[in-house]
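First residue of the sequence shown? That's 754 in this note's numbering, and the numbers climb one at a time after it. Below is one structure, written out as structure tokens; comments come after it.
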Amino acid sequence: RANRMTAVEGRPDDFVNWLAAHHPDRAGPESFAPRRLYGLYVQDRLTAVDAAHPGLMTRITGEVVAVEDGAARLADGRVIAGDAVVLATGNPAPKTAAADAADGRVIGDPWAPGALDRIGPTDDVIVVGTGLTMVDMVLWLEARGWRGRARTLSRRGLTPRGHEARPDTPVPPTDDLLHAPPSRRLHEARRLAGAADWRGVMEGLRPITADLWRDADTATRARLVRHLRPWWDVHRHRIADSIAAALSALETAGRLTVTAGRVSKIEQDAEGVTLTYRPRSGPAQPPLTARWLLDCTGPGHEPARDPLTGPLLASGRARLDALKLGLDLDAQGRVLSADGKPDPRLLVLGPPARAAFWETIAVPDIRKRIEAVVKTLTETPA
């Protein structure tokens, strides 16, 4: 919702006011604006900061290939020196069977400019992944006149839940939810969801999610990742009620199906793609066939193979967390070395910090972490 998407801490209506000034048809505190408009909003705010404080910010275009002591080395040989480096690289590229097969009729990065332009107006598509990326791609195709069918597949066949048209009223966490053992906390969350709208329970958890995650021991975190993560994601990262209705209409028309299963094999030729899969339950099913396959599985999480973080791990300047979800960080977002020492000159922000804070994807969570990182940087001696 627009009223939660401000980029400026302390100015909760900033995005809503920007929409009213630039796109009044999208304005309103409970409205849902597309990502494109949010990108324009952030760009506009950066431009305003640059104009108000000349010299405060320098934009440099280049590929960072190495992070050194308070500096970044670019592919062209330039070294950008500073007092500290903040890794805010966003989500990494997907690493799945579909990504490995990306070529020809398998579109491994649907976000790449022009990636979907080859899909004809009546072409059927297979979509691996049933999360927010699938939603974006199917509805983008629909908006440009596509009338084919989408056959989607993920391990559990879960899709993002919808927002209600009315605002979500946060349900305050109870003492059991804050302090009880993990199994008791889950029971309490279910009890609260049964007594009120579950969306309100999720909103009540938002401010304390990172603290709950950091308080959990490794065994508890492992159980949460293995059993709860898929359900958490589809309930936390919801879609507008109008978008949920559009997906439902496609399903009713037989143009969108959602299947639970695991990819076994992907084959392609000049005519299209065949995907063989193992159903999550029940007997074997015929392969899925279509003209195109889209990899919508979302980001991969293999820091050791990342060209930027891999060398940090290999050198001992960084280490993975116990579950190998990402770089291990302290409570301030500073990278921990192989021997557990925080690096005051190397911090992480956004999705790459998920191992330490869990919820670092949505704008309200990133905004909160930005405030903490800035505080750490300003309190650290140069």
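Heads up, the beta-carbon is just placed ideally off N, CA and C, and yes, glycines get one too.
Original post:
By how many angstroms is the C-alpha of P1104 removed from the C-alpha of T842?
Top reply: Taking the sequence shown and counting its residues from 1, the one referred to as residue 842 is at position 89. Taking the sequence shown and counting its residues from 1, the one referred to as residue 1104 is at position 351. One C-alpha to the other measures close to 8 Å.
**OP:** Return yes when the Cβ of R908 is within less than 7 Å of the Cβ of R1015, no when it is not.
**Re:** As a position in the sequence shown, residue 1015 is number 262, starting the count at 1. As a position in the sequence shown, residue 908 is number 155, starting the count at 1. At a Cβ-Cβ threshold of 7 Å, R1015 and R908 count as neighbours.
**OP:** Mind checking which residues open and close the alpha helix (DSSP H) that includes T875?
**Re:** As a working note, residue 875 is residue 122 in the sequence shown. Judged by DSSP secondary structure, T875 falls outside any alpha helix (DSSP H); it is assigned neither H nor E.
Subject >> Bridge-paired residues (DSSP) for W1045 >> reply: Looking up residue 1045 in the sequence shown gives position 292. In the DSSP output, where bridge partners are listed per residue, W1045 has V878.
**OP:** State whether the segment 887–896 contacts the segment 969–978, with contact taken as three or more CB pairs (one from each stretch) at a distance under 8 Å.
**Re:** Output reads no: the segment 969–978 does not touch the segment 887–896.
Subject >> Cβ pair D1074, R1087 closer than 7 Å >> reply: If you number the sequence shown from 1, residue 1074 lands on position 321. If you number the sequence shown from 1, residue 1087 lands on position 334. No, they are not a contact pair.
Original post:
Would you report the Cα separation of R1120 and V878, rounded to the nearest angstrom?
Top reply: Taking the sequence shown and counting its residues from 1, the one referred to as residue 1120 is at position 367. Taking the sequence shown and counting its residues from 1, the one referred to as residue 878 is at position 125. Pairing R1120 with V878, the inter-Cα distance amounts to about 36 Å.
Original post:
Any idea if E1020 is buried or exposed, counting beta-carbon neighbours within 10 angstroms, 16 or more meaning buried?
Top reply: Residue numbering aside, residue 1020 sits at position 267 when the sequence shown is read from its first letter. Exposed is the call here.
Original post:
For P703 versus L911, is the C-beta distance shorter than 7 Å?
Top reply: Residue 703 lies beyond the stretch modelled for the chain, which goes from 754 to 1135, so this question has no answer here.
**OP:** Count the other C-beta atoms from every protein chain shown that fall within 10 angstroms of the C-beta of H916, then say buried if there are 16 or more, exposed otherwise.
**Re:** Residue 916 sits at position 163 when you count from the first residue of the sequence shown. When all chains shown are included, H916 counts as buried.
**OP:** Please determine, among R902, P807, R952, the residue with the shortest C-alpha to C-alpha distance to H988.
**Re:** Looking up residue 988 in the sequence shown gives position 235. That would be R952, whose Cα lies nearest to the Cα of H988.
Subject >> Buried versus exposed, by CB contacts within 10 Å (16 or more), G861 >> reply: In the sequence shown, residue 861 corresponds to position 108, counting from 1. Classification for G861: buried.
Subject >> Own chain partners of T1057 with C-beta closer than 6 Å, once the 5 adjacent residues on each side are dropped >> reply: Walking along the sequence shown from the start, residue 1057 turns up at place 304. Correcting the residue type first, residue 1057 is Ala in the shown sequence and not Thr. These residues qualify, in order along the chain: G1063, L1066.
**OP:** Could you check what DSSP says for Q1038 in three-state terms: helix, strand or coil?
**Re:** Taking the sequence shown and counting its residues from 1, one reaches residue 1038 at position 285. When DSSP states are grouped into helix, strand and coil, Q1038 belongs to the coil group.
Original post:
What did DSSP end up calling Q1021 once you bin it into helix, strand or coil?
Top reply: Position 268 of the sequence shown, counting from 1, holds the residue named residue 1021. Shown here, Q1021 sits in a strand according to DSSP, grouped into three states.
Subject >> Residue range of the beta strand (DSSP E) that includes A834 >> reply: By 1-based counting over the sequence shown, the position of residue 834 is 81. Element bounds for A834: 832–834.
Original post:
In the DSSP assignment, what residue or residues form a beta bridge with E821?
Top reply: Translated into the one-based positions of the sequence shown, residue 821 becomes position 68. According to DSSP, which records beta bridges pairwise, E821 is partnered with A824.
Original post:
With distances taken from CA atoms, which of F768, R1107, V1116, G835 is nearest L1076?
Top reply: As a working note, residue 1076 is residue 323 in the sequence shown. Proximity to L1076 across F768, R1107, V1116, G835 peaks at R1107, based on C-alpha coordinates.
Original post:
Is it the case that the Cβ atoms of W1045 and R858 are separated by a distance below 7 Å?
Top reply: Here residue 1045 is taken as the residue at index 292 of the sequence shown, counted from 1. Here residue 858 is taken as the residue at index 105 of the sequence shown, counted from 1. A Cβ-Cβ contact shorter than 7 Å links W1045 with R858.
Subject >> For P1032 and A824, the rounded distance between their alpha carbons >> reply: What you label residue 824 is simply residue 71 of the sequence shown in a count that begins at 1. What you label residue 1032 is simply residue 279 of the sequence shown in a count that begins at 1. Rounded to whole angstroms, A824 to P1032 spans 49 Å at the Cα level.
Original post:
Bridge partners of T1012, per DSSP?
Top reply: Here the question's residue 1012 lines up with position 259 in the sequence shown. Note: T1012 sits in a beta bridge opposite L906.
Subject >> Boundaries (first-last residue) of the beta strand (DSSP E) holding V1116 >> reply: For the purposes of this step, residue 1116 is taken as residue 363 along the sequence shown, with counting starting at 1. Counting along the chain, V1116 falls outside any beta strand (DSSP E), though it belongs to the alpha helix (DSSP H) covering 1116–1132.
**OP:** Give the straight-line distance between the Cα atoms of L958 and D994, rounded to the nearest whole angstrom.
**Re:** The residue labelled residue 958 in the question sits at position 205 within the sequence shown. The residue labelled residue 994 in the question sits at position 241 within the sequence shown. Roughly 21 Å separates the two Cα atoms.
Subject >> Given 8 Å, three or more beta-carbon pairs between the segment 827–835 and the segment 780–795 >> reply: Of all C-beta pairs linking the segment 827–835 to the segment 780–795, fewer than three are shorter than 8 Å, placing the two stretches out of contact.
**OP:** Look at L1102 and V1126 and say whether their C-beta atoms are less than 7 Å apart.
**Re:** The count along the sequence shown starts at 1 and reaches residue 1102 at position 349. The count along the sequence shown starts at 1 and reaches residue 1126 at position 373. When the beta-carbon positions are compared, L1102 and V1126 come within less than 7 Å of each other.
**OP:** With a threshold of 16 other CB atoms inside 10 Å of the CB of W1111, please say whether the residue is buried or exposed.
**Re:** Taking the first residue of the sequence shown as position 1, residue 1111 is located at position 358. Residue burial annotation: W1111 is buried, with at least 16 other C-beta atoms found within 10 angstroms of its C-beta.
Original post:
Span of the beta strand (DSSP E) holding P1097?
Top reply: Reading the sequence shown from its first residue, position 344 is the one you call residue 1097. 1095–1101 is the span of the beta strand (DSSP E), which, as asked, contains P1097.
Original post:
Along the chain, where does the beta strand (DSSP E) that runs through R1192 open and close?
Top reply: In this structure the chain extends from 754 to 1135, so residue 1192 is not present and cannot be described.
Subject >> Exposed unless 16 or more other CB atoms sit within 10 angstroms - verdict on R904 >> reply: Against the sequence shown, residue 904 aligns to sequence position 151. The residue in question, R904, is buried, as its Cβ has 16 or more Cβ neighbours within 10 Å.
Original post:
Beta carbon of D1048, beta carbon of V881: below 7 Å?
Top reply: Start at 1 with the first residue of the sequence shown, and residue 1048 comes out as number 295. Start at 1 with the first residue of the sequence shown, and residue 881 comes out as number 128. The criterion of a C-beta distance shorter than 7 Å is satisfied by D1048 and V881.
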